[in-house]
Amino acid sequence: MLQVFRKFFHSSVGVFAALGLIVMLALAFAAGDVSNMISSGSITGGDRVAKVDGTPIGTAQLTKQMQQAVEITRQQQPGITMKSFLAEGGLDLVLDQMIDGEAQMAFGRKIGVVAGKRLVDSELAKIPAFQGAGGKFDQNAYLSVLAQRQMNDADVRDSFARDLVSRQLLAPAQFGATLPQSAVMQYAALLKEHRAGSAAMLPSAAFAPKGLPTQAEVNAWYNNHKAAYTVPERRVIRYARFDESVIKQSSAPTDAEVAARFKANAAQYGASETRKVSQVIVISESMAKDIAAAVAKGESLEAAAKAKGLSVASLGAVSKADLTIKSSAAVAEAAYAAKAGATVGPVKGALGWALVRVDAIDAKPARTLEQVKGEITAALTEEKRKAALAALTEKVNDDFGKGGALSDTAKELGLTMAETPLLTAKTPAGMGLPADLAPILPAAFGMDHEGQPQISELVAGKSFVIFDVTKIIPAAPAPLDQISAQVMADIQLEKGSVAARAAAMKLLAAGKKGGDLAAEVAKLGVALPPVQQMNLGREEIMSRGGQIPPAVAMFFGMAPGTTKLIPIAGNKGFMAVQLKAITPGTVAANDPLIGQVKGELNNLAAREQAESLRRAIRTEVKVERNESTIKTVAATLAGGN
Numbered sequence: 001m002l003q004v005f006r007k008f009f010h011s012s013v014g015v016f017a018a019l020g021l022i023v024m025l026a027l028a029f030a031a032g033d034v035s036n037m038i039s040s041g042s043i044t045g046g047d048r049v050a051k052v053d054g055t056p057i058g059t060a061q062l063t064k065q066m067q068q069a070v071e072i073t074r075q076q077q078p079g080i081t082m083k084s085f086l087a088e089g090g091l092d093l094v095l096d097q098m099i100d101g102e103a104q105m106a107f108g109r110k111i112g113v114v115a116g117k118r119l120v121d122s123e124l125a126k127i128p129a130f131q132g133a134g135g136k137f138d139q140n141a142y143l144s145v146l147a148q149r150q151m152n153d154a155d156v157r158d159s160f161a162r163d164l165v166s167r168q169l170l171a172p173a174q175f176g177a178t179l180p181q182s183a184v185m186q187y188a189a190l191l192k193e194h195r196a197g198s199a200a201m202l203p204s205a206a207f208a209p210k211g212l213p214t215q216a217e218v219n220a221w222y223n224n225h226k227a228a229y230t231v232p233e234r235r236v237i238r239y240a241r242f243d244e245s246v247i248k249q250s251s252a253p254t255d256a257e258v259a260a261r262f263k264a265n266a267a268q269y270g271a272s273e274t275r276k277v278s279q280v281i282v283i284s285e286s287m288a289k290d291i292a293a294a295v296a297k298g299e300s301l302e303a304a305a306k307a308k309g310l311s312v313a314s315l316g317a318v319s320k321a322d323l324t325i326k327s328s329a330a331v332a333e334a335a336y337a338a339k340a341g342a343t344v345g346p347v348k349g350a351l352g353w354a355l356v357r358v359d360a361i362d363a364k365p366a367r368t369l370e371q372v373k374g375e376i377t378a379a380l381t382e383e384k385r386k387a388a389l390a391a392l393t394e395k396v397n398d399d400f401g402k403g404g405a406l407s408d409t410a411k412e413l414g415l416t417m418a419e420t421p422l423l424t425a426k427t428p429a430g431m432g433l434p435a436d437l438a439p440i441l442p443a444a445f446g447m448d449h450e451g452q453p454q455i456s457e458l459v460a461g462k463s464f465v466i467f468d469v470t471k472i473i474p475a476a477p478a479p480l481d482q483i484s485a486q487v488m489a490d491i492q493l494e495k496g497s498v499a500a501r502a503a504a505m506k507l508l509a510a511g512k513k514g515g516d517l518a519a520e521v522a523k524l525g526v527a528l529p530p531v532q533q534m535n536l537g538r539e540e541i542m543s544r545g546g547q548i549p550p551a552v553a554m555f556f557g558m559a560p561g562t563t564k565l566i567p568i569a570g571n572k573g574f575m576a577v578q579l580k581a582i583t584p585g586t587v588a589a590n591d592p593l594i595g596q597v598k599g600e601l602n603n604l605a606a607r608e609q610a611e612s613l614r615r616a617i618r619t620e621v622k623v624e625r626n627e628s629t630i631k632t633v634a635a636t637l638a639g640g641n
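If you use full-length UniProt numbering, the sequence shown closes out at 641, no skipped numbers anywhere.
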């Protein structure tokens with residue numbers, strides 16, 4: 001599942017790219033939205049998960065990097081969650097990358113390899129979002145983007161610096177990684193290799209005796225293999241559903257109650273106004289004025305902002321108070337003084353100079369008590385119904401806690417009882433128990449004995465189920481008289497497996513003497529599946545992406561003239577494989593395969609050289625891991641998505 005994430009760190013560039021903000025910047029700017037990339041973890045940063053050359057790596061840092069790593073992986077695997085990422089070893093992978101990044105920074109400082117301001121500036125200048133109209137780095141555009149995305153210059157520069165130090169250290173290690181042409185030719189020829197042989201199936205069933213086992217054999221086998229025939233604990237669940245329909249007609253809201261609600265929520269029914277607003281924030285007043293001038297000449301706010309490397313953000317429908325909080329009082333005053341469709345500004349806001357467009361105005365007049373009486377009455381009626389249902393469920397729960405019977409509660413509420421067949425704790429949803437009741441299965445199997453009723457919520461605040469267990473059958477071997485046919489079949493299969501092994505050993509011995517597999521199988525005198533001829537090339541096998549049967553994999557690891565055996569899973573017999581001949585591959589000097597193989601082998605060699613240096617740097621720099629804190633971070637993250 002983490003293949004995408006791992007691939008990034010094993011690419012020709014990613015191998016020396018420290019996991020950090022640089023990764024998410026590249027992805028986010030490409031998508032045009034990095035507003036959600038900085039999110040705080042649920043763990044405070046007071047504790048450290050590791051220390052590298054005296055520099056701590058905090059829990060908050062690891063939490064943020066884990067969130068970013070999941071987002072990276074989600075680009076190619078949308079279904080991945082934090083839990084599945086953790087289950088696949090994602091935390092160790094991310095922490096190792098963080099440790100490596102810190103180790104490389106520490107090692108770089110010791111030997112004088114650093115990333116100065118000018119070098120970082122040159123990298124920032126390559127990001128399109130930071131460029132002005134002329135295609136050159138624009139400091140105002142850079143600061144505007146950071147302000148819009150709630151990022152700071154120090155963090156961005158630090159991440160770029162780490163990446164640059166890693167490049168300076170590890171990239172040179174990859175230079176000159178070239179395998180000899182003779183090795184390339186040998187490997188390319190190996191891919192052209194063909195193998196010829198045969199394979200024979202020796203199913204246990206084919207060697208099983210014809211006669212039935214004796215009763216004594218059946219009894220002995222059953223007594224010695226009772227665990228194989230043990231039926232897990234089974235229970236019968238009795239249940240009844242109910243919802244709001246069991247509530248008797250509750251009293252209607254009085255006029256006094258309606259009037260009190262109207263008074264308590266006077267602001268809700270008073271005159272109100274919201275406006276749909278779009279805005280662009282600019283760090284420089286002069287640039288903001290340029291955008292405003294372009295809009296005044298008829299250009300759209302989006303086009304004018306884009307020309308400066310910025311984008312327009314829609315704030316949706318906001319009240320004046322909400323806009324004050326989101327931007328500033330000055331921006332809110334300007335927006336609420338403008339007409340629909342107008343663009344105002346620049347106005348000084350919290351993050352810079354704002355240009356605001358009023359997309360729509362929704363003004364609602366005040367409403368009288370008579371106008372909203374029906375609305376309030378319906379709301380109060382619903383609240384009373386919910387309160388009555390909550391009171392009922394609380395009463396049911398209390399009754400059960402005092403020893404009340406399920407049947408009595410069902411009768412009192414007028415419910416129809418239902419009962420399941422015998423179920424196990426792992427019975428699939430919908431098999432004997434309705435699928436929507438699957439959540440009660442663990443609770444039912446957690447009850448100590450029969451007659452312990454419980455209540456469970458099915459749909460929050462709407463529907464419930466009451467249930468108990470009426471029968472418990474402990475786990476025990478199934479009675480022999482019920483499974484005698486299965487026991488006899490197992491005995492026969494075991495006898496057949498012993499005979500199949502003996503036959504397989506004969507084939508193996510004959511193969512060592514040069515015997516032909518097909519001829520030796522015929523000598524066994526047993527009706528077996530036809531011997532399969534195998535004529536396969538290594539290129540064909542590689543094209544399957546590793547999805548090959550075990551027998552074929554073994555076939556390509558054998559020496560010519562040998563015979564080998566491989567068991568068939570489930571005690572179902574054996575397969576004999578014989579390799580008769582290997583036809584070496586030949587490669588022409590101009591075969592495109594040579595270039596492909598050379599590129600792959602050189603990339604592997606370069607990657608291995610860089611990896612060796614990475615490990616050496618980590619060994620050189622003192623690294624301490626705080627395993628207990630790492631486990632705490634993992635446990636906390638596992639509670640998220």
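Glycine included, C-beta positions come from ideal geometry on N, C-alpha and C. Note that this is a predicted model, so its numbers are computed, not measured.
Beta-carbon gap between residue i and residue j smaller than 8 Å
i    : j    : result
V587 : A551 : no
V277 : V356 : yes
A444 : E233 : no
L164 : A106 : no
V487 : V218 : yes
G374 : V282 : no
Q609 : A171 : no
G197 : L604 : no
S314 : A305 : no
Q75  : L169 : no
I473 : E450 : no
Residue i versus the options, residue with shortest Cα-Cα distance
i    : options                   : result
Q65  : I99, I472, I466 and T377  : I99
A330 : K339, A340 and V344       : V344
Q186 : A260, A503 and G595       : G595
Q533 : A519, R544, M542 and A527 : A519
Q202 : V621, I568, G585 and L601 : The amino acid at residue 202 is misidentified as Gln; the sequence shows Leu. Of the listed residues, the one whose Cα sits closest to L202 is I568.
D362 : Y336, K386, D155 and I376 : Y336
R367 : A292, K339, D138 and A266 : A266
A227 : L480, G461 and I617       : L480
A199 : T629, A69, A589 and L508  : L508
D138 : A147, M151 and L124       : L124
R615 : K83, R48, A60 and D96     : D96
V184 : E600, A502, Y269 and L146 : E600
A321 : L433, A360, E273 and K402 : E273
Beta-carbon proximity list for residue i, same chain, < 8 Å, skipping 5 on both sides
i    : result
P453 : F400, G404, A405, L406, T409, I466, F467 and D468
E193 : G537, R538, I582, T583, P584 and G585
L528 : A200, M201, L202, P203, A206 and V521
N571 : S204, L493, E494 and S497
Nearest-angstrom beta carbon gap, residue j and residue i [assumed within contact, 8 Å]
i    : j    : result
V498 : L62  : Rounded, the Cβ-Cβ distance is 56 Å, inconsistent with contact.
S204 : A489 : Actually they do not touch by this definition, with Cβ atoms about 11 Å apart.
Cα-Cα separation between residue i and residue j, rounded to whole angstroms
i    : j    : result
T420 : L441 : 11 Å
V623 : D153 : 29 Å
S286 : R167 : 38 Å
L380 : A264 : 13 Å
Q492 : V526 : 16 Å
A430 : P128 : For clarity, residue 430 is Gly in the given sequence; the question names Ala instead. Straight-line Cα distance between these residues: approximately 55 Å.
G511 : T563 : 5 Å
R538 : T81  : 38 Å
G573 : G496 : 8 Å
V621 : D53  : 6 Å
K631 : G112 : 36 Å
T619 : M554 : 38 Å
E370 : V318 : 28 Å
A342 : A292 : 11 Å
V94  : K110 : 25 Å
L91  : R162 : 20 Å
V120 : A307 : 25 Å
E257 : A378 : 12 Å
Own chain residues within Cβ distance below 6 Å of residue i, not counting five before or after
i    : result
A240 : A410, L415, M417 and I466
A478 : Y229 and V231
M447 : V469
Chain-order list of residues whose beta-carbon lies under 7 Å from that of residue i (same chain, five-residue window excluded)
i    : result
L86  : A634, L637 and A638
L413 : F242 and V246
A354 : Q279, I281, S327, V331, G345, P346 and V347
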